[in-house]
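Our numbering puts the sequence shown at residues 1 to 224. One structure below.
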Amino acid sequence: MRTWLRDQSLSLFFLVLFVASLAGQSYAGYLKYNDELSEHGDPLISWGRYVVSSEYGQAVMENWQSEFLQFLTFIAATIWLVQRGSNESKQSDEIGLESDQAQRVKGYADDNSPAWAKARDVRLWLYSNSLLIVMALGFFGSWFASSVTAWTDYNANQIDHQQPALGWWDYVLSPDFWERTLQNWQSEFLAVGVMAAFTIYLRQRGSPESKPVGAPHEETGTSG
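Rendered as structure tokens:
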């Protein structure tokens, strides 16, 4: 069991952080929401009711879709774009989808390679692009969920202020939706760009996200 925990420790560490922060967000949001209800003289709601509300769903989904977008764009961009000296980049002579031999597919697959890496039909294409496909599904799914929950929450506020409600499409085209959306997107693009640039010059000994401490600044795509 200890060996298994050690071998899965990175995923388990972030899973625990995720669950703890999601629960903390839900409770803090619940307290804040009930404070707002109290200020308006409206009846308070339970934590369980808040967790399934559009108020909470919108707050969660607008962050999820920006995270999936970050990985989606980074994975796609690093196929064709390079940054000399960055640990987050391929070498300039590896630009593109690379050869079957480099990717160890079809006849170049190892004995213990995944079965679909040895295929010669649509299964190989699906497996070759599975990471990008899943990230795209995560992004578009959470983007749609974010738009629906934000739209529902927006219309609830409109009704409270005796203003006309909007249809979903009209809301998606509204400044309110894009202000919420782009404030998350810009922070994700900043984080990815900073990481790609900082790994040229900065180091963290022992981390695979960093080059070896003594690696030259122009050395590209190596891990410490």
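Ideal Cβ positions, reconstructed from N, Cα and C, are used throughout, including at glycine. Since this is a predicted model, take the numbers as computed values, not measurements.
To the nearest angstrom, report how far apart residue i and residue j are at their CA atoms.
i    : j    : result
L124 : Y108 : 13 Å
F71  : G41  : 43 Å
L22  : V60  : 8 Å
F198 : D176 : 34 Å
V172 : W151 : 8 Å
W4   : F14  : 16 Å
S223 : G29  : 40 Å
T78  : K90  : 7 Å
G221 : D153 : 45 Å
S210 : M195 : 10 Å
G57  : Q158 : 18 Å
F140 : E98  : 28 Å
N184 : H161 : 27 Å
P114 : R205 : 32 Å
S130 : V82  : 22 Å
S92  : D7   : 33 Å
V19  : P164 : 38 Å
D100 : D110 : 12 Å
N63  : L17  : 15 Å
G167 : N155 : 9 Å
S9   : S207 : 15 Å
S128 : R104 : 11 Å
What three-state label does DSSP hand residue i in the structure shown?
i    : result
S49  : What sits at residue 49 in the sequence shown is Arg, not Ser. Helix at R49.
T220 : coil
N270 : Within the shown structure, residues of the chain are numbered from 1 to 224, placing residue 270 beyond reach of any answer.
M229 : Because the chain is modelled from 1 through 224, residue 229 falls outside the range shown and cannot be assessed.
S113 : coil
Q103 : helix
P164 : coil
A215 : coil
E179 : helix
L81  : coil
Q204 : coil
R120 : coil
S174 : coil
Q186 : helix
Q70  : helix
G41  : coil
S86  : coil
G193 : helix
I95  : coil
N155 : helix
Would you call the region 129-149 and the region 171-182 touching, i.e. three or more CB-CB distances under 8 Å? yes
Can you find at least 3 beta carbon pairs, one from the region 66-81 and one from the region 131-138, that sit closer than 8 Å? yes
Three or more C-beta pairs below 8 Å linking the region 50-59 and the region 28-42: Put simply, the region 50-59 touches the region 28-42. At least three CB pairs are less than 8 Å apart.
Kindly confirm or deny that the region 195-212 and the region 77-92 touch, where touching means at least three C-beta pairs closer than 8 Å. yes
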